[in-house]
Amino acid sequence: DHPTDVAVDPDGDIYVSDWANNRVQVFNSLGEYILQIRGSATDLSKWQKRYVESNPDVVKARRRVESLEPEMKFALPTGVNYDKSRDRLFVVDSQRWRIQIFNKLKDYAEAQFNI
Numbered sequence: 727d728h729p730t731d732v733a734v735d736p737d738g739d740i741y742v743s744d745w746a747n748n749r750v751q752v753f754n755s756l757g758e759y760i761l762q763i764r765g766s767a768t769d770l771s772k773w774q775k776r777y778v779e780s781n782p783d784v785v786k787a788r789r790r791v792e793s794l795e796p797e798m799k800f801a802l803p804t805g806v807n808y809d810k811s812r813d814r815l816f817v818v819d820s821q822r823w824r825i826q827i828f829n830k831l832k833d834y835a836e837a838q839f840n841i
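In the numbering used here, each number is its position in the sequence shown, counted from 1, plus 726.
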């Protein structure tokens, strides 16, 4: 574990970027673990695109790759910030040269089981 930054939203939920484990951990206002976010980018950042496009060897290598899914996950997230006006979490994904933005779901429900 390698926490690098912390943010708190208006509900008291706590977001901790964990650099070494490539994740953001989420805790409730009592400090109880809720979940982890591993990243879910849908496209390369503009800086990544420029790097790929300007390097013929990288272009060739990417053609041989079956899945680009690992590139969509965090790589060394070093910062988090919560935008209270729009209920969004910003995560600095430093190794991938991008910022991933997540909307907070306010009206979700716990799964119910009928036994």
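By construction, the Cβ of each residue, glycine as well, lies at the ideal position given by its N, Cα and C atoms.
For A837, three-class secondary structure by DSSP
Its pLDDT being 44, under 50, A837 is placed unreliably by the model, and nothing is read from it.
Which two residues bound the contiguous beta strand (DSSP E) that contains D809?
803-809
So what does DSSP say about P782, is it helix, strand or coil?
helix
Taking only three categories from DSSP, how would you classify A733?
strand
If you reduce the DSSP assignment to three classes, tell me which class S820 lands in.
helix
Other residues of its chain near G757: CB distance less than 8 angstroms, five sequence neighbours each side excluded:
I740
Skipping 5 residues on each side, what residues in its chain have a beta carbon closer than 7 angstroms to that of K682?
For residue 682 there is no data in the structure shown, the boundaries of the chain being 727 and 841.
Could you name the residues that DSSP lists as bridge partners for R749?
D744
Determine which residues share a DSSP beta bridge with L831 and list them.
DSSP output for L831 lists no bridge partner at all.
Burial state of D737 (16 or more Cβ within 10 Å):
exposed
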